[in-house]
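S.K.: So the sequence shown is residues 1 to 95, counted in UniProt numbering. Glycine included, every Cβ here is placed at the ideal spot set by N, Cα and C. A single structure is presented below for examination.
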Amino acid sequence: MVGLGDTTKKLQKLADTAEQLFERMNELRQQVQETRERVNDTHDKVEELAAEQGEQRAIVEALAEAQGVDVDQVLTEAAIEEAEPAIEEAEPSDT
């Protein structure tokens with residue numbers, strides 16, 4: 001009955017492996033749940049910050065207009081200044 005002993009060892013090894021895989025699967029399931037919670041928390045925080053930014057922008061624009069500053073012109077000039085270095089880098093040089 002040597003074959004029975006080998007079969008028992010193989011079954012025990014299989015059971016041990018299955019138990020390890022089950023434990024690892026539970027760990028991964030927990031990690032996925034924690035990650036989902038963090039993603040949801042981050043999403044909520046980003047939405048709060050976006051709303052705050054919108055409110056602050058409205059205040060800054062109102063203050064700028066009260067001081068006679070053309071907000072659209074300032075934004076256009078800022079966009080042009082920001083784009084100029086990229087345009088200069090993209091242009092071939094005459095060297």
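Is it true that the CB of VAL71 sits closer than 7 Å to the CB of ALA64?
M.R.: Indexing the sequence shown from 1 puts residue 64 at position 64. Indexing the sequence shown from 1 puts residue 71 at position 71. Contact: yes.
S.K.: Pull up the distance between the alpha-carbon of ASP16 and that of GLN33, whole angstroms please.
M.R.: The residue given as residue 16 occupies position 16 in the sequence shown. The residue given as residue 33 occupies position 33 in the sequence shown. Taking the straight line from one Cα to the other gives about 26 Å.
S.K.: What is the rounded straight-line gap between the Cα of GLY91 and the Cα of GLU84?
M.R.: Walking along the sequence shown from the start, residue 91 turns up at place 91. Walking along the sequence shown from the start, residue 84 turns up at place 84. Reading the sequence as shown, one finds Glu at residue 91 and not Gly. Looking at the two C-alpha atoms, the distance is approximately 11 Å.
S.K.: Cutting at 6 Å between CB atoms, please list the residues of its own chain near ASP21, excluding the five before and the five after it.
M.R.: Taking the first residue of the sequence shown as position 1, residue 21 is located at position 21. It is Leu, not Asp, that sits at residue 21 in the sequence shown. Hits under 6 Å: none found.
S.K.: Between which two residues does the alpha helix (DSSP H) holding PRO85 run?
M.R.: In the sequence shown, residue 85 corresponds to position 85, counting from 1. Its alpha helix (DSSP H) spans residues 71-90.
S.K.: By DSSP, does GLY3 sit in helix, in strand, or in coil?
M.R.: Along the sequence shown, read from residue 1 onward, the residue named residue 3 stands at position 3. The answer is helix: DSSP assigns GLY3 an H, G or I state.
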